[in-house]
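Asks:
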Ligand SMILES: Nc1ncnc2c1ncn2[C@@H]1O[C@H](COP(=O)(O)OP(=O)(O)OP(=O)(O)O)[C@@H](O)[C@H]1O
Ligand SMILES: [Mg+2]
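Residue numbers (my numbering), protein chains in the order written: chain A, 290 to 574; chain B, 99 to 463.
(1) Examine ligand 2 and report whether any of its heavy atoms sits within less than 8 Å of the Cβ of residue 508 of chain A.
(2) Can you tell me whether DSSP reads residue 463 of chain B as helix, strand or coil?
(3) Please name the residue, chosen from B/122, B/131 and B/418, that lies closest to residue 254 of chain B on a Cα-to-Cα basis.
(4) With 16 other CB atoms within 10 Å as the buried threshold, where does residue 290 of chain A fall?
(5) Got a sec? Which residues, its chain only, sit under 6 Å from residue 145 of chain B by beta carbon, not counting five neighbours each side?
(6) Less than 9 Å between CB atoms is the rule here; does residue 560 of chain A satisfy it with respect to chain B?
(7) Please report the straight-line C-alpha distance between residue 474 of chain A and residue 552 of chain A, rounded to a whole angstrom.
(8) If you run the structure through DSSP and keep just helix, strand and coil, what is residue 388 of chain A?
(9) Please name the residues in the segment 485-513 of chain A whose beta-carbon is closer than 7 Å to at least one beta-carbon of chain B, in chain order.
(10) Would you list the one or two residues that DSSP bridges to residue 324 of chain A?
(11) Which residues in the same chain have their Cβ closer than 6 Å to the Cβ of residue 354 of chain B, if we skip the five residues on either side of it in sequence?
(12) Cβ of residue 436 of chain A within 9 Å of Cβ of residue 361 of chain A?
(13) Consult DSSP for residue 291 of chain A and reduce its assignment to one of helix, strand or coil.
(14) So with CB distances below 9 Å, who are the chain B contacts of residue 461 of chain A?
(15) Does the pairing of the segment 420-440 of chain A with the segment 528-540 of chain A give three or more beta-carbon distances under 8 Å?
(16) Can you give me the C-alpha to C-alpha distance between residue 455 of chain B and residue 438 of chain B, rounded to a whole angstrom?
(17) Pick from B/343, B/182 and B/209: whose alpha carbon is nearest that of residue 362 of chain B?
(18) Which residues in chain B have a C-beta closer than 8 Å to the C-beta of residue 467 of chain A? List them in chain order.
(19) Specify, as a first and last residue, the run of the beta strand (DSSP E) that residue 287 of chain B falls within.
(20) What do you reckon, are the CB atoms on residue 278 of chain B and residue 133 of chain B nearer than 9 Å?
(21) Taking the alpha-carbon of residue 425 of chain B as reference, which of B/393, B/378, B/192 and B/105 has the nearest alpha-carbon?
(22) Could you check whether the Cβ of residue 199 of chain B sits closer than 9 Å to any Cβ belonging to chain A?
(23) Can you check whether the CB of residue 342 of chain A is closer than 9 Å to the CB of residue 576 of chain A?
(24) Tell me the residue span of the alpha helix (DSSP H) that contains residue 177 of chain B.
(25) Using DSSP with H/G/I as helix, E/B as strand and the rest coil, what is residue 414 of chain A?
(26) Any chance you could list the beta strand (DSSP E) runs of at least 3 consecutive residues sitting entirely within the segment 342-370 of chain B, in chain order?
(27) Would you kindly check if the distance between the Cβ of residue 177 of chain B and the Cβ of residue 256 of chain B is under 9 Å?
(28) Between the Cα of residue 525 of chain A and the Cα atoms of A/377, A/419, A/316 and A/349, which residue gives the shortest distance?
(29) What does DSSP give as the partner residue(s) for residue 445 of chain B in the beta ladder?
(30) How many angstroms separate the CA atom of residue 444 of chain A from the CA atom of residue 502 of chain A?
(31) Confirm the yes/no value for this check: CB of residue 180 of chain B, any heavy atom of ligand 2, distance under 8 Å.
(32) Along the chain, where does the beta strand (DSSP E) containing residue 446 of chain A start, and where does it finish?
(33) Roughly how many angstroms lie between the CA atoms of residue 432 of chain A and residue 375 of chain A, to the nearest whole one?
(34) So, using beta-carbon positions, are residue 471 of chain A and residue 196 of chain B closer together than 9 Å?
(35) List the residues of chain A whose Cβ lies closer than 8 Å to the Cβ of residue 405 of chain B, in chain order.
(36) How would you label residue 318 of chain A, buried or exposed, when you count the other beta carbons within 10 angstroms and need 16 or more for buried?
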């Protein structure tokens, strides 16, 4: 064998071991009736698992919950992050301290954040409901109507700082001169934001959206730490449902096929955002 | 169209005082050039006029309004930035129309005015493109176009031609002057290129280290510089400067004794200034006008085309002279040559203060 092929062999072996093999194995599982409690009795199913999950209401419920979660969390984080970044840029006193404090939530591991909010928002002994009650507001944060929304708020609390960080970096990198020109041209702050800041920040925004959306699709820790999918199945997200099917009910074949469907959904999203990013002004639309 | 006024304008960045009391009146419709070495505060002055920077003290008036505390948008000025500062994400047409849009001008009118300005500047076919698809010279025109569609009180230009090549710069100069004539708009133009200043200005304001050295027409600045700084800064090649001293009834210099009275006490140190254009052959100068005759050694000759720069030495003093081609034949490197100075073309400055000293020549014998 030629030397250059032999040189890449170790890397190829590592990749095969940690990526190709698990992927291929889960692919294989997804077309078999593979149950952890009947591991010596595995029958070929073909597209049976896929056909089943695509007609299975709990799967669609989990997927819908996840999409609502991703869409809700990421759009609030985008708006809030952009607003905070713009405000932080104007801040005169202690700007670095403020930035450091604002970034702190990002450095806590999500499972800990989940536990923290589970206690903070607990309807019986949580601090937040306690003070809200003092103001005459009675809210059951993890009740059937609000639970998913509460999870969104927790995600917003933890990950808005990431958006702020991205947008601050993006804003710092923008050229100063066009903004001075806009001031002399008499543009209001809204017009400047709408026609200069936003378009010039476009690629940073899209990158931030992709990173956050991909991450939000994988939401698991908050659900696991707080609601376990409840009340009912109102906060059952796709990853939590996969986990439940595979590791609590031992139906790994079904779980693997759901994972592949999730990959397909995410892939479509990424490609859509990527195409949107490639389309820059100055080129044919 | 309106004028502008700066009243004892001061500006400090931190502890550093950049502008040290600028007083300046700009006549309506004039073309005023701010000229000065790098870092003297020209851009800062312009940015304060535009409202992009706030003065530490002093007042800014545009027309009959005190605009000292107003935002740029309330001042109604247009500025052409040194680096163009076009909006990168907008087409040329939108770039030019943005100021009008900001003032809520109807779309149809924006279109007419942009088209009209584009026609004037010859950039009609560029309107659909984006700034980065344009050459430096084209971006330049767009930046100017963006200023003229606004029809503002005041045009501010900050070294708009400094990024262009020599040929384009000369073309654009003419074009800017034509525009100024057509629009008759009050213009303040910053440059550190003295040739640009001389050719374009109605009035030149020479600045140095945050202060105004001299205000005058280009010919006044050139022929009667009020200070050593102005004399040395304006003119290319630079003025020859020769040390000397006042004695009773005469000025003693390293190249000879001038029979003339300067209004300074005897013993006062002076600097004699001679423009390179002001070295003459004795036969081309009337005897009564000859202030001094110099025997010089020709060191070398640089031909510039129709003219040449000759480097000469008189004793220990080196002089540079500019001569037309028909005189250049009279020089030969390494030979001696006799030249004369005209008494009307001498500049004498007080060495310690740098101020110009008046010179009264003795009646010719
Ligand atoms: N934002 C600022 N902060 C601190 N110092 C500044 C600032 N802007 C300008 N200066 C200083 O003020 C002085 C004048 O600057 P200015 O830009 O007005 O010079 P200029 O005459 O336009 O020079 P040039 O011909 O090089 O453009 C310089 O010494 C510069 O360092
Ligand atoms: Mg400058």
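Virtual Cβ for every residue (Gly too), placed ideally from N, Cα, C. Because the structure is a prediction, the values reported are computed rather than measured.
Replies: Taking the geometry as given:
(1) For the purposes of this step, residue 508 of chain A is taken as the residue at position 219 of the first chain. At a threshold of 8 Å, residue 508 of chain A does not count as near ligand 2, since its beta carbon sits no closer than that to any of the ligand's heavy atoms.
(2) On the second chain, residue 463 of chain B is found 365 positions in, with the first residue counted as 1. For residue 463 of chain B, the predicted structure reports a pLDDT of 47, less than 50, and the residue's modelled location is therefore unreliable. A value from the coordinates is still provided. Residue state for residue 463 of chain B is assigned as coil, using DSSP reduced to three classes.
(3) Within the second chain, numbered from 1, the residue matching residue 254 of chain B stands at position 156. Measuring from the Cα of residue 254 of chain B, the nearest candidate turns out to be B/131.
(4) Start at 1 with the first residue of the first chain, and residue 290 of chain A comes out as number 1. Under a 10 Å Cβ-count criterion, residue 290 of chain A is classified as exposed, with fewer than 16 other Cβ atoms of the shown protein chains found around its own Cβ.
(5) Residue 145 of chain B sits at position 47 when you count from the first residue of the second chain. The residues are 151.
(6) Along the first chain, read from residue 1 onward, the residue named residue 560 of chain A stands at position 271. With a threshold of 9 Å between beta carbons, residue 560 of chain A makes no contact with chain B.
(7) Stepping through the first chain from its first residue, residue 474 of chain A is reached at position 185. Stepping through the first chain from its first residue, residue 552 of chain A is reached at position 263. In this model, residue 474 of chain A and residue 552 of chain A are separated by some 48 Å (Cα to Cα).
(8) Here residue 388 of chain A is taken as the residue at index 99 of the first chain, counted from 1. If DSSP states are grouped into helix, strand and coil, residue 388 of chain A belongs with the helices.
(9) Within the segment 485-513 of chain A, the qualifying residues are 485, 488 and 489.
(10) Taking the first residue of the first chain as position 1, residue 324 of chain A is located at position 35. Residue 324 of chain A is bridged by DSSP to A/540.
(11) Indexing the second chain from 1 puts residue 354 of chain B at position 256. Contacts found: 390.
(12) Locating residue 436 of chain A in the first chain gives position 147, counting from the first residue. Locating residue 361 of chain A in the first chain gives position 72, counting from the first residue. The beta carbons of residue 436 of chain A and residue 361 of chain A sit no closer together than 9 Å.
(13) Locating residue 291 of chain A in the first chain gives position 2, counting from the first residue. Coil, per DSSP.
(14) Locating residue 461 of chain A in the first chain gives position 172, where the first residue counts as 1. Contacts between residue 461 of chain A and chain B, judged by CB atoms closer than 9 Å, are missing: the closest CB pair is about 16 Å apart.
(15) Between the segment 420-440 of chain A and the segment 528-540 of chain A there are fewer than three inter-stretch CB-CB distances shorter than 8 Å, so the stretches are not counted as touching.
(16) As a working mapping, residue 455 of chain B is identified with position 357 in the second chain. As a working mapping, residue 438 of chain B is identified with position 340 in the second chain. A direct Cα-Cα distance of roughly 21 Å separates residue 455 of chain B from residue 438 of chain B.
(17) By 1-based counting over the second chain, the position of residue 362 of chain B is 264. Considering only alpha carbons, the answer is B/343.
(18) Working through the first chain from its first residue, we reach residue 467 of chain A at position 178. Identification of chain B residues near residue 467 of chain A by a Cβ-Cβ cut-off of 8 Å yields 183, 184, 185 and 186, ordered along the chain.
(19) For the purposes of this step, residue 287 of chain B is taken as the residue at position 189 of the second chain. Unbroken beta strand (DSSP E) run through residue 287 of chain B: 285-289.
(20) What you label residue 278 of chain B is simply residue 180 of the second chain in a count that begins at 1. What you label residue 133 of chain B is simply residue 35 of the second chain in a count that begins at 1. Not a contact, by the Cβ cut-off of 9 Å.
(21) One-based indexing of the second chain puts residue 425 of chain B at position 327. Nearest of B/393, B/378, B/192 and B/105 to residue 425 of chain B, Cα basis: B/378.
(22) On the second chain, residue 199 of chain B is found 101 positions in, with the first residue counted as 1. Yes, residue 199 of chain B counts as interfacial toward chain A.
(23) Outside the displayed range of chain A (290 to 574) lies residue 576 of chain A, so it cannot be described from this structure.
(24) On the second chain, position 79 is the one that residue 177 of chain B refers to. In the DSSP assignment, residue 177 of chain B falls outside any alpha helix (DSSP H) and within the unbroken beta strand (DSSP E) covering 175-178.
(25) Here residue 414 of chain A refers to the residue found at position 125 of the first chain. DSSP places residue 414 of chain A in coil when its eight states are reduced to three.
(26) When DSSP assignments are scanned along the segment 342-370 of chain B, the uninterrupted stretches of beta strand (DSSP E) that are 3 or more residues long and fall wholly within it turn out to be 348-351, 354-356 and 358-360.
(27) By 1-based counting over the second chain, the position of residue 256 of chain B is 158. By 1-based counting over the second chain, the position of residue 177 of chain B is 79. Taking 9 Å as the cut-off, the beta carbon of residue 256 of chain B is found closer than this to the beta carbon of residue 177 of chain B.
(28) For the purposes of this step, residue 525 of chain A is identified with residue 236 of the first chain, where counting begins at 1. Selected option, being the one with the closest Cα: A/349.
(29) Position 347 of the second chain, counting from 1, holds the residue named residue 445 of chain B. B/371, per the DSSP bridge assignment.
(30) By one-based count along the first chain, residue 444 of chain A stands at place 155. By one-based count along the first chain, residue 502 of chain A stands at place 213. About 11 Å.
(31) For the purposes of this step, residue 180 of chain B is identified with residue 82 of the second chain, where counting begins at 1. Yes, ligand 2 has a heavy atom inside 8 Å of this Cβ.
(32) Against the first chain, residue 446 of chain A aligns to sequence position 157. Note, residue 446 of chain A: premise wrong, no beta strand (DSSP E); alpha helix (DSSP H) at 436-462.
(33) As a position in the first chain, residue 432 of chain A is number 143, starting the count at 1. As a position in the first chain, residue 375 of chain A is number 86, starting the count at 1. Rounded to whole angstroms, the gap between the alpha carbons of residue 432 of chain A and residue 375 of chain A is 35 Å.
(34) Reading the first chain from its first residue, position 182 is the one you call residue 471 of chain A. Reading the second chain from its first residue, position 98 is the one you call residue 196 of chain B. Cβ atoms of residue 471 of chain A and residue 196 of chain B: closer than 9 Å.
(35) Reading the second chain from its first residue, position 307 is the one you call residue 405 of chain B. For residue 405 of chain B, no chain A residue has a C-beta closer than 8 Å to its own C-beta; the minimum C-beta separation is roughly 40 Å.
(36) The count along the first chain starts at 1 and reaches residue 318 of chain A at position 29. Residue 318 of chain A should be labelled buried.
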